[in-house]
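Line order of the protein sequences matches chains V and R. Once you know that position 135 of the first sequence is 140 in my numbering, the rest is easy, because the numbers rise by one and skip nothing. Once you know that position 3 of the second sequence is 202 in my numbering, the rest is easy, because the numbers rise by one and skip nothing. Note that beta-carbon positions come from the ideal geometry of N, C-alpha and C, so glycine has one too.
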Amino acid sequence: MFVFVPLSLLSFGGGQAIVADIQYQTVTVQGWLTNQEFTDMYAISRAAPGPSTLIAALIGWQVSGFWGAVVATLAIYIPSSIVVYAASHLWHKHADSPWRLAIERGLAPVALGLIFAGIVAVLRAAHILDANTVDLLGLATVLGSAALLYFTKISPYLLISLVAVLYGSLQYAGVV
Amino acid sequence: MFLNIGLTSFGGSSMAWLYRQVVERRRLMDDQQFMTGLTIAQVLPGANPVNLALYVGMQIRGKVGATLAAIGMVLPAFIVILLLGLLYRAYSDIPMLRAILVGMAASGVGTTLAMGITVATRFPRQAVPILIALITFVTVGILRWSMVPVVIVLIPLSVALAWWLERRRKGV
């Protein structure tokens, strides 16, 4: 809970931004999960419908059962929700304030940097790319998925299902 | 009704669903109001679709609306993910499932990468924001510093710089 409350308040630009720190806190600092468990949960949370911050629910469950999941979910949503609620009021009151523009412009680069930091954290946790290993198939999947999503209008859920089928068949054929 | 919106918008691109339900079908808000909500949802911390639902609910029916909309958004997804987690625990030793999960994680990273690139290409070509984005990425991503202190220092700095640059641009 003490891990997720500050992260909730800092998840500017959506849940992707805090993936790096969720990995760092739960695997490295707290030792709640192994890198493999973290990667599996990341995979599940990306494949499931709904906001990807629900990875918090999975981690909470792993650590202390059903109520762990409930507490982690509340911890990740309630603080940010209160901020949004309060800020919506202020936002309308100060519609023309130059501070609004400065805040919007100032938050964007931090959010962008965090998104890419999250990518690195998962690559490392999944052993796709770290100091010792380079998993070419994994790397090809990452780049191929990104290219498909960037250049075509394929649905992310269709894509992730296709990749799941591909890896399932590769495993069946004994390649991975 | 809000729970209904939450349920129908869950799954797939929830923002687009919410737009269709709230603006096009039910006409609860106009385009302008919705776009304002979208900006707030993106700028502030929290999961974007949840924030947006919160904003929409609040506009339509105040506190109660906001609470119900947020619950409607999170609850179905919460139940689904716990069910998936249950399956994972029962079958995590099967090699095929292991392979599939690795593939899904890689593809999930690809999704995030595509989003990151989209945001990056729309990014202003100015030294200061690019530098801040790079510092954030290197400290949190490569050096693995804890995110909270990094962000607490960088956000006020970045906002202040944006404020200062804007003033200088106007020649005040």
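Continuous alpha helix (DSSP H) stretch holding residue i: start and end
i, result
"I124 of chain V", "103-130"
"F43 of chain V", "40-52"
"G36 of chain V", "Where G36 of chain V is concerned, there is no enclosing alpha helix (DSSP H), given that its DSSP letter is neither H nor E."
"T311 of chain R", "294-320"
"S166 of chain V", "161-177"
"V24 of chain V", "24-28"
"I329 of chain R", "326-335"
"A361 of chain R", "346-369"
Bridge-paired residues (DSSP) for residue i
i, result
"V139 of chain V", "V:L134"
Proximal chain R residues relative to residue i, where beta-carbon distance stays under 8 Å
i, result
"W66 of chain V", "L281, G284"
"V207 of chain V", "Outside the shown range of chain V (6 to 181) lies residue 207 of chain V, about which nothing can therefore be said."
"I23 of chain V", "M346"
"I165 of chain V", "M303, S306, G307, T310"
"D26 of chain V", "V339, S345, M346, V347"
"T157 of chain V", "Residues of chain R passing the Cβ test: none, with the nearest at roughly 10 Å."
Proximal chain V residues relative to residue i, where beta-carbon distance stays under 8 Å
i, result
"V255 of chain R", "Simply none; closest approach about 10 Å."
"L300 of chain R", "T44, D45, A48, I49"
"F233 of chain R", "Within chain V, no residue comes near F233 of chain R; the closest Cβ sits about 13 Å away, beyond 8 Å."
"L243 of chain R", "F17, S85, V88, V89, A92"
"A269 of chain R", "Y82, S86"
Chain R residues whose Cβ lies nearer than 9 Å to that of residue i
i, result
"G73 of chain V", "Under the 9 Å cutoff, chain R gives no residues; its nearest Cβ is about 11 Å from G73 of chain V."
"L70 of chain V", "The displayed chain sequence assigns Gly, not Leu, to residue 70 of chain V. Those within 9 Å of G70 of chain V in chain R number zero; the least Cβ separation is about 11 Å."
Neighbouring residues, chain V, relative to residue i (Cβ below 9 Å)
i, result
"F336 of chain R", "L117, G118, L119, I120, F121, A122, V125"
"F277 of chain R", "G55, L59, A62, A74, V75, T78"
"L227 of chain R", "Under the 9 Å cutoff, chain V gives no residues; its nearest Cβ is about 16 Å from L227 of chain R."
Short Cβ contact (8 Å threshold) for residue i with residue j
i, j, result
"V358 of chain R", "G111 of chain V", "yes"
"A246 of chain R", "V255 of chain R", "no"
"A25 of chain V", "G123 of chain V", "yes"
"M346 of chain R", "V337 of chain R", "no"
"L377 of chain R", "W66 of chain V", "There is simply no residue 377 of chain R to check, as chain R begins at 200 and stops at 371 in what is shown."
"A126 of chain V", "Q41 of chain V", "no"
"L144 of chain V", "L153 of chain V", "no"
"S306 of chain R", "S150 of chain V", "yes"
"L253 of chain R", "V89 of chain V", "yes"
"V349 of chain R", "L117 of chain V", "no"
"A62 of chain V", "A77 of chain V", "yes"
"I64 of chain V", "T31 of chain V", "yes"
"T335 of chain R", "L128 of chain V", "no"
"L364 of chain R", "V327 of chain R", "yes"
"V68 of chain V", "W37 of chain V", "yes"
"M257 of chain R", "S93 of chain V", "yes"
"L133 of chain V", "V115 of chain V", "Before going further, note that residue 133 of chain V is Ile rather than Leu in the sequence given. Cβ atoms of I133 of chain V and V115 of chain V: not closer than 8 Å."
"A304 of chain R", "A48 of chain V", "yes"
"F130 of chain V", "T44 of chain V", "Note that residue 130 of chain V is Ala in the sequence shown, not Phe. Cβ distance < 8 Å, so A130 of chain V and T44 of chain V count as in contact."
"T310 of chain R", "P161 of chain V", "yes"
Contact set between residue i and chain V, taken where Cβ atoms lie within less than 7 Å
i, result
"A265 of chain R", "Y90"
"Y287 of chain R", "D45, I49"
"A361 of chain R", "A107, R110, G111"
"L353 of chain R", "V115"
"V222 of chain R", "Per Cβ cutoff of 7 Å: no residues; V222 of chain R is ~17 Å from chain V at best."
"R368 of chain R", "Those within 7 Å of R368 of chain R in chain V number zero; the least Cβ separation is about 11 Å."
"I259 of chain R", "In chain order: nothing, as chain V lies at least about 12 Å away."
Cross-chain neighbours of residue i in chain R, by beta carbon under 7 Å
i, result
"Q176 of chain V", "P294, M295, A298"
"T138 of chain V", "Near T138 of chain V there are no residues of chain R at all, since even the closest Cβ is about 13 Å away, more than 7 Å."
"T39 of chain V", "Going along chain R, no residue has its Cβ under 7 Å from T39 of chain V, so there is no contact; the nearest lies around 12 Å."
Contact test: residue i Cβ vs the ligand HEM heavy atom, cutoff 7 Å
i, result
"P161 of chain V", "No copy of the ligand HEM appears in this structure; indeed no ligand is present at all."
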